[in-house]
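Asks: Have a look at this one before I ask anything.
Pasting the structure below:
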């Protein structure tokens with residue numbers, strides 16, 4: 008294959024509205040459309056094909072990293088000569104069984120509003136805060152990047168701030184609007200997230216976005232930045248608010264966990280946990296959210312290591328815009344937007360949500376037998 012064919016593959020990805028393009032030896036190029044994998048009607052790719060495709064888009068630095076460590080990540084912009092198709096792609100290149108594989112994730116140019124992606128209304132008010140930590144969590148491919156880009160764009164339009172983003176790789180590109188926006192790419196502009204965060208505090212920031220809180224040093228630096236009077240956005244690959252708090256605390260050595268609980272109770276503003284579900288009413292995807300705003304009551308639960316009570320606090324915090332993931336899944340199911348199978352798959356308590364939907368007996372799924380479920384951990388008191 009030549010460069011012209013990678014162009015055609017990318018154009019097809021954009022025009023069909025796919026989220027990802029998979030390149031693998033022994034299979035035709037494959038799109039992920041509405042959560043499902045769909046092969047394109049081309050020939051099966053050979054090892055030479057995948058090497059040629061990789062070389063046509065991978066920068067020298069990425070090719071060297073691939074040689075040294077077996078994988079690399081980068082972002083690049085694509086547009087057809089007539090301008091009919093354009094998007095940015097986040098690319099993961101890797102070796103597998105001695106061959107080259109790639110996954111290209113499409114990042115739309117268009118930034119969406121809070122209403123378009125269905126964010127809870129109180130997110131807008133939280134973006135106005137001068138300091139604190141706002142976490143957006145969920146599995147890979149759940150739309151965290153799009154949600155954060157919308158929040159950064161809102162601040163950029165509405166307020167005069169200095170916004171620093173640290174990402175790996177850069178995905179959405181932001182122009183200076185009312186704010187000044189500085190975007191730093193790990194591997195290109197800075198060696199690590201932690202190093203970029205340490206330097207950021209000397210660059211007169213108001214808002215800092217940490218693309219991924221992947222290690223203790225980065226988590227610690229993000230909490231410290233929120234403590235010292237900055238609004239910090241970060242992401243974690245966790246599900247649910249209480250699970251996110253536990254993951255952060257567990258990242259620290261045992262002798263520091265008490266102190267981290269106190270820090271989190273004072274700096275954490277909110278946790279937005281999301282999952283993307285294929286729609287059944289139209290084409291496309293819809294996001295299901297769990298949203299927790301840190302009230303004085305929830306701050307006490309964090310400080311006293313009673314995170315197992317957080318779900319109950321979210322249920323009683325509807326006036327602050329809070330909601331549990333399962334409640335939102337049920338709402339989407341009742342509105343005819345998602346299937347019962349999808350609601351059960353994304354739920355934190357499959358048996359309970361299936362019973363509430365009245366589908367427990369219709370679905371042959373062992374998770375829906377309550378006797379087969381492990382008892383819920385109450386957590387340390």
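Numbering (the numbering used here), first residue to last: 8 to 388. Here a beta-carbon is modelled for each residue, glycine too, at the ideal position from N, C-alpha and C. Note that the structure is a prediction, hence the values are computed from the model and not measured.
Alpha carbon to alpha carbon, how far is residue 54 from residue 67?
Replies: So the alpha carbons of these two residues sit roughly 20 Å apart.
Asks: Under three-state DSSP, which class holds residue 76?
Replies: Reduced to three states, the DSSP call for residue 76 is helix.
Asks: Can you give the Cα-Cα distance for residue 304 and residue 326, rounded to whole angstroms?
Replies: C-alpha separation (whole angstroms): 14 Å.
Asks: Where does residue 136 land, buried or exposed, given buried means 16+ other C-beta within 10 angstroms?
Replies: Flag for residue 136 reads exposed.
Asks: At which residue ranges does the region 30-78 contain complete alpha helix (DSSP H) runs of 4 or more residues, listed in the order of the chain?
Replies: With a minimum length of 4 residues, the continuous alpha helix (DSSP H) runs that stay inside the region 30-78 are 54-64, 67-76.
Asks: Taking just the CA atoms, how far does residue 310 sit from residue 193?
Replies: About 33 Å.
Asks: Is it the case that the Cβ atoms of residue 163 and residue 124 are separated by a distance below 8 Å?
Replies: No, they are not a contact pair.
Asks: Measuring only the C-alpha atoms, how far is residue 176 from residue 204?
Replies: The alpha-carbon atoms of residue 176 and residue 204 are separated by roughly 16 Å.
Asks: According to DSSP, simplified to helix, strand and coil, what is residue 15?
Replies: Correct three-state label for residue 15: helix.
Asks: Please report the straight-line C-alpha distance between residue 108 and residue 31, rounded to a whole angstrom.
Replies: Residue 108 and residue 31: Cα-Cα distance of roughly 5 Å.
Asks: Can you check which of these residues, 247, 45, 230, is closest to residue 321 by C-alpha distance?
Replies: Closest option to residue 321, Cα to Cα, is 247.
Asks: Can the beta-carbon of residue 127 be found less than 8 Å from the beta-carbon of residue 296?
Replies: It is a contact, given that the beta carbons lie within the stated cut-off.
Asks: For residue 7, count neighbouring Cβ atoms within 10 angstroms of its own Cβ and tell me buried if that reaches 16, exposed if not.
Replies: Any answer about residue 7 is impossible in this case: the structure gives the chain only from 8 up to 388.
Asks: Within the region 183-238, note down every full beta strand (DSSP E) run reaching 3 residues or more, in order along the chain.
Replies: Counting only runs of 3 or more, we get 187-192, 214-217.
Asks: Taking residue 337 and residue 350 to be in contact with their CB atoms under 8 Å, please state how far apart those CB atoms are, rounded to whole angstroms.
Replies: Right, the Cβ-Cβ distance comes to about 7 Å (below 8 Å), so this counts as a contact.
Asks: My parser needs the alpha helix (DSSP H) runs of 4 or more residues fully inside the region 237-308; what are they?
Replies: 248-257, 261-274, all fully within the region 237-308.
Asks: By DSSP's criteria, residue 144 is part of a beta bridge. Which residues make up the other side?
Replies: Bridge partners of residue 144: 243, 280.
Asks: Any heavy atom of the ligand SAM closer than 7 Å to the CB of residue 201?
Replies: Within the structure as shown, the ligand SAM is missing, as the structure has no ligands at all.
Asks: Since residue 87 sits in a beta bridge, which residues does DSSP pair it with?
Replies: DSSP, once it has assigned bridges, lists no residue as partnering residue 87.
Asks: Check whether the Cβ atoms of residue 172 and residue 159 lie closer than 8 Å to each other.
Replies: Going by C-beta atoms, residue 172 is nearer than 8 Å to residue 159.
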